[in-house]
Each structure stands twice: as C-alpha cells, then as structure tokens.
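As structure tokens, the structure follows; a few thoughts come after it.
Chains as they are written, first to last, in our numbering: chain A, 1 to 284; chain B, 1 to 167.
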C-alpha cells in the first residue's frame with residue numbers, strides 16, 4: 001500500500017494525465033447514447049455564454065448583410081422584375097392546381113387535412129455555429145423557458161398573416177438549456193431523415209454527409225426519382241414530422257450495390273446563411 | 001495574472017470562433033483559432049497550464065455545441081498537455097517553431113477526431129471529400145499560430161506580463 005502511494009506521488013503528473021484521459025473516454029462513452037437532459041453546470045454555462053454569442057453573431061450578421069446589400073444593389077432591379085414575372089407565373093399555376101384539387105374528392109380531402117396541420121411554433125435566432133469539417137451543429141436562443149423540448153423540429157420559414165410558410169427542414173433539437181438549445185442539422189454526418197418523393201410517393205432515407213451535403217437511398221431497390229423531384233419528410237421513425245420540405249433531387253446515380261439508386265439532394269435551406277429559424281412544437 | 005489573461009482570451013476566442021469567424025471564413029475554410037491559441041499558450045507556459053487551457057477550451061465546445069460530452073475536451077487536453085511538455089526545448093523567439101508544432105498538433109487533432117468518431121459509429125466513408133479542406137485548414141492554423149505567437153508577446157508586454165522566461 002505504502003509502495004503504491006509512493007509510486008503515485010512520484011508519478012503524480014503521469015497518473016493524473018492517464019486518469020483524465022480514462023475519465024474523458026468514459027464520459028464520451030456514456031454520453032454518446034442520447035441523454036434526456038443536460039446537467040445543471042452545462043445549463044448555467046450555456047445561459048451565460050449563449051447571450052454573448054447572440055450579441056457577437058448579430059454583429060457578424062449585420063456586417064454580412066451590409067456587405068451583401070452593397071454587392072447586390074446592381075442586381076436588385078433585375079431580380080425585382082424576374083420575381084414579378086415569377087409571381088404571375090405562380091399565381092397562374094396556383095389557379096390551375098386549385099382547379100384540379102377541387103375537382104377531385106380525394107385531393108380535396110387531403111388538401112383540407114394539410115390545411116389543418118398547424119403546429120405551434122416559436123421563432124428563434126441562431127446564436128452560434130459549429131460548421132467545421134466534422135460537425136454541422138447550431139445553437140439557438142430559445143430553450144426550456146420558451147417551451148422547447150428535445151426532438152422538436154427546426155425549419156426555416158417565412159411568416160405571413162400569422163401563418164408560417166415553411167421553406168425547408170433545418171434539423172432537430174438534441175439538447176435543451178434554460179434559454180438555449182443545440183440543434184443537429186440535416187447535413188450533419190450523424191443525421192438521418194426518412195423521406196418521400198412528392199412526385200411518385202417512393203420512400204427512403206436521406207443522410208447528411210461529411211462534406212455538408214445530403215444523399216439518400218430508397219427502401220425499395222426498384223424505386224427511383226428524377227432530377228428536380230421534391231423530397232418531403234415521410235414521418236417514418238417518428239422523429240421528424242410529416243411533409244416538411246427537405247429539398248430537391250440534384251442527381252440520381254446507379255450505385256450497382258444493394259441500395260441501387262443513390263440520390264444527391266439539394267437542400268432547400270442555405271445552411272451557410274441561417275439566421276432566423278422556427279421550432280415546431282411537435283407535442284410528443 | 002498571466003494565466004487569468006490566457007483563460008479570458010481562450011473564452012473570448014471561443015465566442016468569436018462559434019459566432020463570428022464563419023462570416024469571414026474564406027473558401028469555406030474556418031480556421032481553428034482555438035487550437036492555435038492552446039498550442040501558443042502551452043508553449044509559452046508549461047504542461048499543466050497547457051492541459052488546463054485545453055480542458056477549458058474543450059469543455060466550452062462540449063457544453064455549448066455538441067451532444068456527446070468529452071470529445072473536444074479530450075482532444076484539446078491532449079494537445080495542451082503534450083505541447084506544454086516540450087516547451088523548454090522550443091526556441092520561442094522563432095515563429096517557425098510555432099508553425100511546425102501547430103501543424104503537427106493539428107494533424108494529430110484531426111486524426112484523433114476521426115478515430116474517436118469512427119468508434120462512435122460514424123464511418124466517414126467519404127473522408128477524402130474533406131481531406132483537401134482539412135489540409136488547407138491545418139496550414140492556415142499553423143500560420144495563424146506563428147502570427148499569434150508574436151501578437152501575444154506584444155499583447156502581454158502591454159500588460160507588463162512576461163511570456164518568455166528570460167524577459
């Protein structure tokens with residue numbers, strides 16, 4: 001016993017070094033399975049830091065916006081005209097589609113169902129990002145006090161007449177603090193989303209890639225899709241809510257393996273320019 | 001006082017790293033200034049201070065950014081403590097020493113990150129897609145560390161604090 005103590009005293013630095021490494025490896029092991037709540041210490045640190053991060057993020061965003069504004073003044077008029085033409089085109093398309101929907105009983109029923117699918121939501125701001133080579137994570141400025149829960153869905157959207165028009169899936173909440181929450185984005189390597197192709201109803205899994213892109217494969221080997229087809233969440237797995245727009249098919253590749261066709265997806269959300277997001281309270 | 005200032009700089013840099021640097025990153029590369037700072041401070045102090053600064057930096061990442069606790073703490077702790085061990089053998093007046101040590105530290109840091117994530121079940125089959133980015137980032141980190149080594153000497157001198165033992 002005395003000899004052991006002498007050894008420890010003599011090699012205190014080495015013992016501490018090894019002890020810390022073992023302890024951290026142990027921590028990594030036990031927290032790698034999703035935990036229910038973050039610890040009190042993490043929460044306090046998060047509360048203190050997230051406010052400062054929000055302040056700094058806003059400064060960066062303001063300068064970024066100013067820079068983009070200066071760059072785009074020349075393009076604004078041209079874009080304005082193009083958008084006006086696009087609105088007219090979409091209004092025309094909308095009239096045609098409404099005509100089709102109301103002439104079909106099945107589509108009419110589904111349309112009514114969709115219109116009633118309204119989730120409670122909270123508007124949030126991105127306060128920090130971890131978009132290095134290994135992770136694609138975000139932190140937002142809303143947490144427990146705003147009713148955010150683990151696994152709530154985060155989307156990018158625009159607001160009109162008190163309704164939100166969702167423009168694309170961002171990710172889901174993985175940890176919640178008092179006034180902050182961690183988000184895993186759908187382009188993160190560890191992210192998986194079950195999807196449905198709007199055009200042919202074929203289903204599969206879309207996963208984030210290391211280069212911050214999204215690819216996917218079908219459940220059924222014989223299924224395929226065309227470039228430009230739109231993907232929405234299928235709701236399978238009960239993590240993501242149904243019918244949230246993920247993005248469009250950029251490329252379809254025959255992989256010659258069991259998974260057959262591999263899809264490359266162009267996400268609806270520009271993750272490099274995320275600022276305001278909406279957290280849908282799924283109530284699960 | 002010297003250690004307190006180092007801790008404050010590490011925390012301030014973490015806030016800037018996660019909230020600001022991605023606005024100014026070029027060619028999609030966001031330099032890991034946190035790593036460069038841990039290496040520079042570990043070389044200007046000792047292995048215990050290096051390890052301590054590494055733990056603080058890693059804890060900030062683990063607490064604020066990711067849901068698995070300990071990955072960043074382990075990596076920054078290893079870099080801080082090992083670099084701190086060799087501080088007496090390094091010519092700290094030569095910025096190239098900082099460049100090479102940061103370069104090696106960053107390579108080890110990314111290799112260990114890959115190994116840990118692999119054992120956590122993330123296979124990273126298409127790792128080659130980001131190899132170029134990582135190499136570019138490592139070079140930028142090393143160049144930053146060389147510049148930071150001089151800047152920190154200047155900054156600490158302003159506070160009348162000795163960074164080099166012979167000062």
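Cβ coordinates follow ideal geometry from the N, Cα and C atoms, glycine included. If you're wondering where the values come from, they're calculated on a predicted model, not measured in any experiment.
| query | Which residues of chain A have a Cβ atom closer than 7 Å to the Cβ of residue 135(B), listed in chain order? | reply | Correct list: empty, because the minimum Cβ distance to chain A is about 11 Å.
| field | Identity of the residue in 14(B), 65(B) and 147(B) nearest residue 95(B) by Cα | value | For residue 95(B), the closest C-alpha among the options 14(B), 65(B) and 147(B) is that of 147(B).
| residue 149(B) - DSSP class collapsed to helix/strand/coil | Per DSSP, reduced to three states, the secondary structure at residue 149(B) is helical.
| Between the beta-carbon of residue 141(A) and the beta-carbon of residue 125(A), is there less than 8 Å? | With contacts defined by Cβ atoms closer than 8 Å, residue 141(A) and residue 125(A) form a contacting pair.
| What does DSSP give as the partner residues of residue 279(A) in its beta bridges? | 122(A) and 154(A).
| said: If the criterion is Cβ atoms closer than 8 Å, does the pair residue 138(A) and residue 183(A) meet it? | reply: Yes, they are a contact pair.
| With distances taken from CA atoms, which of 38(A), 248(A) and 168(A) is nearest residue 63(B)? | Per the Cα distances, 38(A).
| For residue 266(A) and chain B, any beta-carbon pair shorter than 8 Å? | By this cut-off, residue 266(A) is not an interface position.
| task | Let me know if residue 171(A) comes out buried or exposed under the rule of 16 or more other beta-carbons within 10 Å of its beta-carbon. | result | A residue is called buried when at least 16 other Cβ atoms come within 10 angstroms of its Cβ; residue 171(A) meets this threshold and is buried.
| Smallest Cα separation from residue 144(B): which of 18(B), 31(B), 133(B) and 91(B)? | Scanning 18(B), 31(B), 133(B) and 91(B) for the CA closest to the CA of residue 144(B) turns up 31(B).
| said: Taking only three categories from DSSP, how would you classify residue 292(A)? | reply: Residue 292(A) lies beyond the stretch modelled for chain A, which goes from 1 to 284, so this question has no answer here.
| query | residue 83(A) to residue 70(B), Cα distance in whole Å? | reply | Cα-Cα distance, rounded: 49 Å.
| message | I'd like to know if the segment 41-54 of chain B and the segment 11-29 of chain B are in contact, where contact means that at least 3 CB-CB pairs between them fall below 8 Å. | response | These segments do not touch.
| Do you know offhand how far residue 276(A)'s Cα is from residue 89(B)'s? | Those two C-alpha atoms are separated by around 50 Å.
| task | Determine, using beta carbons only, whether residue 103(B) comes closer than 8 Å to chain A. | result | Against chain A, the CB of residue 103(B) has no partner CB under 8 Å away; the residue lies outside that interface.
| Which whole-angstrom value is the C-beta distance of residue 194(A) and residue 234(A), which I expect to be below 8 Å? | Indeed they touch by this definition, with Cβ atoms about 5 Å apart.
| request: Go to residue 75(B), then tell me how far its alpha helix (DSSP H) extends in each direction, as first and last residue. | output: Looking at the DSSP string, the run of the alpha helix (DSSP H) that includes residue 75(B) is 71-85.
| said: If distances are taken between C-alpha atoms only, which option among 75(B), 138(B) and 161(B) comes closest to residue 100(B)? | reply: Selected option, being the one with the closest Cα: 138(B).
| task | Flag residue 67(B) as yes if its beta-carbon sits less than 8 Å from any beta-carbon of chain A, otherwise no. | result | It does; some Cβ of chain A falls within 8 Å.
| field | Three-state secondary structure assigned by DSSP to residue 169(A) | value | DSSP places residue 169(A) in strand when its eight states are reduced to three.
| Where does residue 111(B) land, buried or exposed, given buried means 16+ other C-beta within 10 angstroms? | The residue is exposed, with fewer than 16 neighbouring Cβ atoms inside 10 Å.
| In this structure, does DSSP put residue 240(A) in helix, strand or coil? | Note: residue 240(A) maps to coil in three-state DSSP.
| field | Top-ranked residue by Cα proximity to residue 50(B), from 97(B), 140(B), 1(B) and 77(B) | value | The closest CA to that of residue 50(B), considering only 97(B), 140(B), 1(B) and 77(B), is found on 77(B).
| task | Note down, in chain order, every chain A residue with its Cβ under 7 Å from the Cβ of residue 19(B). | result | For a Cβ distance threshold of 7 Å, residue set 53, 56, 57, 60, 127 and 128 of chain A lies close to residue 19(B), ordered along the chain.
| Residue interval of the beta strand (DSSP E) (run including residue 214(A)) | From DSSP, the beta strand (DSSP E) with residue 214(A) extends over 214-218.
| For residue 232(A), which beta-bridge partners are listed by DSSP? | Beta-bridge analysis with DSSP links residue 232(A) to 196(A) and 245(A).
| query | How is residue 92(B) classed by DSSP in three states: helix, strand or coil? | reply | Looking at residue 92(B) - three-state DSSP - the assignment turns out to be coil, as it is neither helix nor strand.
| said: Which of the three DSSP states is assigned to residue 221(A) in this structure? | reply: In the structure shown, residue 221(A) sits in coil (DSSP, three-state: anything other than H, G, I, E or B).
| So which residues of chain B does residue 270(A) contact, with C-beta pairs closer than 7 Å? | The contacting residues do not exist; residue 270(A) stays about 13 Å from chain B at best.
| field | Under 7 Å from the C-beta of residue 189(A): neighbouring residues of chain B | value | For residue 189(A), the chain B residues whose Cβ falls inside 7 Å of its Cβ are 122 and 124, in order along the chain.
| field | Below-8 Å beta-carbon distance, residue 118(B) vs any chain A residue | value | Taking a beta-carbon distance threshold of 8 Å, residue 118(B) does not count as an interface residue toward chain A.
| I think residue 120(B) touches residue 223(A), with their Cβ atoms under 8 Å apart; what is that distance to the nearest whole Å? | Beta-carbon to beta-carbon, residue 120(B) and residue 223(A) are separated by about 31 Å, too far to satisfy the 8 Å threshold.
| Nonlocal neighbours in the same chain, by C-beta distance under 7 Å from residue 91(B), ignoring five residues either side | Excluding sequence neighbours, residue 91(B) sits near 97.
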